[in-house]
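Q: Sequential numbering of the sequence shown, starting at 1, is according to the UniProt record's numbering. All residues carry an ideal CB built from backbone N, CA and C; glycine is no exception. Bear in mind that the values here come from a model prediction, so they are computed numbers and not experimental data.
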Amino acid sequence: MPEANAQQACNTFTNIELETPKMVRVVLLNDNYTTQNFVIEILQSIFDKSLAEAQQIMLEVHNHGKGVCGIYPYDIGETKAQETIQAAQKASYPLKIFTESI
């Protein structure tokens, strides 16, 4: 009898279809107060960017007004954006960040 229950449980799990998670682009906006070093620090600590990648994104933000931090599943992108906002507020910077669906 236990084998029949195990077989039923196994069949239940094989019929589940997973959806592809909704993806978002996380975008930083330029301002005249947040330091370039702080932006680099955020990109390295929250977005796991190398120093070279962080510098490139920071320059994109500085020169063009915005820069893409990365593309992530919705939950991860939103969490990283919220972590960035909290870190900026704690450091008293007006850094703005948003996510957009892709």
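Quick one: is residue 68 buried, meaning 16 or more other Cβ sit within 10 Å of its Cβ, or exposed?
A: exposed
Q: From the DSSP output, in three-state form, read off residue 84 for me.
A: helix
Q: By a C-beta neighbour count over all protein chains shown, 10 Å radius and 16 as the cutoff for buried, is residue 66 buried or exposed?
A: exposed
Q: Could you say which of 74, 87, 29 lies nearest to residue 19 if we only look at CA atoms?
A: Nearest Cα to residue 19 within the set 74, 87, 29: 74.
Q: Whole alpha helix (DSSP H) runs in the UniProt domain "Adaptor protein ClpS core" (20-97) with 4 or more residues, listed along the chain?
A: 36-45, 51-64, 74-90
Q: Leaving aside the five residues before and after residue 36 along the sequence, list all residues of the same chain whose C-beta is less than 7 Å from its C-beta, in chain order.
A: 58, 62
Q: By how many angstroms is the C-alpha of residue 72 removed from the C-alpha of residue 16?
A: 24 Å
Q: Confirm, please, whether the CB-CB distance from residue 39 to residue 80 is below 9 Å.
A: no
Q: What number of angstroms, rounded off, separates the C-alpha of residue 89 from the C-alpha of residue 78?
A: Using only the alpha carbons, I get a separation of about 17 Å.
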